[in-house]
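Everything below concerns the one structure shown next.
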Amino acid sequence: TLLIIDFGSQVTQLIARRIREAGVYCEIAPFNAAEEAFERLKPKGIIFSGGPSSVTWEDSPRAPQVLFDSRLPLLGICYGQQTLHQQLGGKVVTSDQKEFGRAFIEVVAPSALFDGLWQVGERHQVWMSHGDRVESLAPGFSIVAASEGAPFAIATDEERRRYSLMFHPEVVHTPDGGKLLANFARHICGCSGEWSMAAYRDQKIADIRAQVGSGRVICGLSGGVDSAVAAVLIHEAIGEQLTCVFVDHGLMRTAEADEVVSLFRGHYNIPLVHVRAEELFLSGLAGLTDPEAKRKFIGKTFIEVFEAEAAKIGGADFLAQGTLYPDVIESVSFTGGPSVTIKSHHNVGGLPERMNMQLVEPLRELFKDEVRELGVELGLPPAFVGRHPFPGPGLAIRIPGEVTREKCDILRKADSIYLEEIRNAGLYDAIWQAFAVLLPVRTVGVMGDARTYDSVCALRAVTSVDGMTADVYPFSAEFLGRTATRIVNEVAGINRVVYDYTSKPPGTIEWE
Ligand code: XMP
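Right under this line is the structure:
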């Protein structure tokens with residue numbers, strides 16, 4: 006196991022992905038909970054992530070002293086490099102020469118970090134993103150790779166097994182970055198590289214049994230893949246101690262609710278309570294227009310409905326949720342971490358303090374594609390597991406402005422035409438997520454001889470590996486033309502269709 010200390014970089018979790026791709030288990034802990042995580046995990050090595058702060062600020066985050074005292078191998082990335090040097094007696098200054106994006110470094114001395122991979126004298130592409138720079142290295146360190154803008158691109162203390170990088174090895178724009186991280190995990194820290202999804206599943210089943218004992222668990226099904234995989238996994242661990250509650254907030258896509266109910270009741274024979282709460286959600290959403298207010302209302306109401314259901318079935322001790330790693334990380338500021346809150350994710354941010362059940366979140370450490378792998382491992386139908394992600398707050402965050410039932414119905418029609426066209430074109434699996442958005446804007450059109458004054462529908466489709474970054478899917482003009490025509494012709498209330506051409510960043514995938 007490796008421990009990654011999070012100083013708030015938006016790409017910290019990519020470090021974890023790369024490490025797991027090397028077959029090594031790892032976890033991320035925010036810098037201010039690092040000590041506890043260190044005691045619990047007993048890692049073989051530690052990685053310091055990047056972060057948005059500057060070590061030249063008085064109150065910027067630091068790594069706890071125990072990590073240095075442990076004498077374990079350390080790898081500092083970007084901000085992690087700077088705090089590593091500063092805490093070990095080096096000096097960091099704010100630089101006027103900021104460096105962002107592609108850069109080339111030259112290897113000037115050998116290092117265990119790139120043993121068997123890079124040779125002295127070679128040049129390699131890396132991805133820089135930094136403002137500050139190390140001015141004098143901590144004692145024991147020397148330079149092993151440099152670039153013009155970054156004389157300390159890689160500085161290491163080979164004897165103490167401490168390595169520091171000014172660039173980000175975890176992003177794909179550092180082509181050999183994954184191999185550097187794998188080298189650190191396996192050769193330097195001595196991790197075996199045998200971690201796999203089957204091992205994860207067995208581990209989680211044991212964890213769930215240990216956590217739950219003879220207690221009762223209720224699991225919230227959202228209709229999406231994540232909560233379904235969580236439920237099946239928990240059912241495998243504790244069988245009849247699990248009851249699933251499907252809070253149908255009325256913000257699902259066409260036929261989605263029925264699919265979930267028949268899969269669980271029919272296929273798996275898992276006890277399922279189907280709560281029809283559309284009225285409750287829609288009446289509470291009336292008048293709400295702010296995206297965070299909508300998200301928070303839905304998260305809070307979801308939990309309230311749960312508590313009521315739990316009481317009805319005679320109480321449960323645990324609440325299970327399909328929270329994923331990206332939910333945990335993007336909402337890290339709620340748990341005291343340093344990263345900026347982009348959105349209050351349904352599964353984390355909306356949880357009211359007063360909730361009186363403990364949480365079971367067996368997917369908390371996994372990325373989306375890992376959850377799919379686990380789902381297949383658990384025998385879920387590949388077509389179900391392969392479905393595009395769907396956010397907990399459902400269509401509510403695809404209807405900017407106020408949500409009404411009428412708007413939901415319009416959006417559902419447009420969305421299913423869009424997805425039908427995507428499936429017919431054989432593109433469904435090439436796309437990470439595709440959906441329609443109903444804009445709170447009306448525009449003028451002409452149909453037949455009559456003037457129309459109706460809503461605009463935006464179409465979105467992105468490719469992504471983990472939802473953290475995303476690219477626009479480049480549909481052909483012909484595909485977009487055909488889909489737009491069908492939507493305007495077949496959906497009353499929409500008279501104009503636009504295609505969203507924004508990547509993430511700077512956009513997010515959902516509109517709210
Ligand atoms: P964003 O919009 O943040 O979305 O770029 C990244 C991925 O997360 C999904 N998403 C959510 N999933 N609860 C969820 O379970 C939520 O509140 C939520 N908000 C966004 C989104 O659909 C995309 O796949």
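In terms of full-length UniProt numbering, the sequence shown opens at residue 6 and continues consecutively. Beta carbons are placed, not taken as given, at the ideal position from N, Cα and C, and that holds for glycine.
With DSSP as the reference, label residue i as helix, strand or coil.
i	result
arginine 377	helix
leucine 424	helix
isoleucine 318	coil
threonine 17	helix
arginine 491	helix
threonine 457	strand
arginine 25	helix
serine 267	helix
methionine 473	coil
cysteine 196	coil
asparagine 274	coil
glutamine 326	coil
glutamate 382	helix
methionine 452	strand
leucine 364	strand
lysine 96	strand
serine 338	In this prediction, serine 338 scores a pLDDT of 40, lower than 50, which makes its location untrustworthy; the coordinate-derived value is nonetheless stated afterwards. If DSSP states are grouped into helix, strand and coil, serine 338 belongs with the helices.
glutamine 86	helix
serine 232	helix
glutamate 407	coil
By the 10 Å Cβ neighbour count, where 16 or more other Cβ atoms means buried, how is residue i classified, buried or exposed?
i	result
isoleucine 514	buried
tryptophan 62	exposed
arginine 45	exposed
arginine 410	exposed
methionine 510	Inspection of the sequence shows that residue 510 is occupied by proline rather than by methionine. Per the 10 Å Cβ criterion, exposed.
asparagine 494	exposed
glutamate 36	Per the sequence shown, the amino acid found at residue 36 is phenylalanine instead of glutamate. Flag for phenylalanine 36 reads buried.
alanine 313	exposed
tyrosine 84	buried
lysine 412	buried
proline 398	buried
methionine 473	buried
glutamine 15	buried
alanine 260	exposed
serine 460	buried
Considering only C-alpha positions, which residue in the set the options is nearest to residue i?
i	options	result
glutamate 199	Glu241, Glu26, Leu324 and Val98	Glu26
isoleucine 33	Gly50, Ile10, Ile24 and Arg22	Ile10
tyrosine 30	Gly384, Phe36, Ala21 and Asn37	Ala21
valine 477	Lys47, Lys348, Ala38 and Ser508	Ser508
leucine 256	Thr248, Tyr273, Leu287 and Val266	Leu287
phenylalanine 302	Glu40, Glu407, Pro387 and Gly453	Glu407
leucine 277	Val139, Phe157, Ser141 and Val266	Val266
cysteine 462	Ala430, Asn429, Asp207 and Asp414	Asp414
glutamate 375	Pro156, Leu329 and Ala42	Leu329
isoleucine 24	Gly13, Arg166, His192 and Val71	His192
phenylalanine 157	Ala439, Thr448, Phe323 and Ile82	Ile82
Within its chain, find whatever has a CB closer than 7 Å to the CB of residue i; leave out the 5 residues flanking it on each side and keep chain order.
i	result
threonine 99	Ser59, Thr61, Gly136 and Asp137
lysine 49	Thr6, Leu7, Leu77, Cys194, Gly195 and Cys196
asparagine 188	Leu118, Phe119, Asp120 and Leu122
histidine 178	Arg107 and Trp132
threonine 294	Gly406 and Glu407
aspartate 162	Gly145 and Phe146
May I ask you to list the residues that DSSP assigns as paired with residue i?
i	result
proline 35	Asp11
glycine 106	Met133
leucine 226	Phe251
glycine 81	Phe53 and Ser169
cysteine 413	None, per the DSSP bridge assignment.
aspartate 162	Arg167
leucine 443	Cys462
threonine 294	Answer by DSSP bridge pairing: none, since threonine 294 is not bridged.
glutamine 70	In DSSP, glutamine 70 forms no bridge with anything.
tyrosine 504	Leu464
arginine 281	Asp253
Near residue i, which residues of its chain fall below 6 Å by C-beta distance, leaving aside the five closest residues on each side in sequence?
i	result
glycine 229	Phe395
glycine 327	Asp231, Ser232, Ala235 and Leu368
phenylalanine 105	Ser134
tyrosine 504	Leu464 and Leu485
glutamate 283	Gly255
alanine 160	Leu142, Phe146, Ile148 and Ser169
For residue i, decide whether its Cβ has a neighbour in chain D, counting only Cβ atoms nearer than 7 Å.
i	result
proline 398	Absent from the structure: chain D. Only one protein chain is present.
I'd like the list of long-range same chain contacts for residue i, defined as Cβ closer than 8 Å, with 5 residues on each side in sequence excluded.
i	result
glutamate 358	The pLDDT assigned to glutamate 358 is 49, lower than 50, so where the model puts this residue is not dependable; a value taken from the coordinates is nonetheless given after this. Counting only Cβ-Cβ distances below 8 Å, and skipping sequence neighbours, we find nothing.
glycine 220	Gln246, Ala321, Asp322 and Phe323
residue 3	Summary: the structure shown does not reach residue 3, with the chain confined to residues 6 through 517, and so no result is reported for it.
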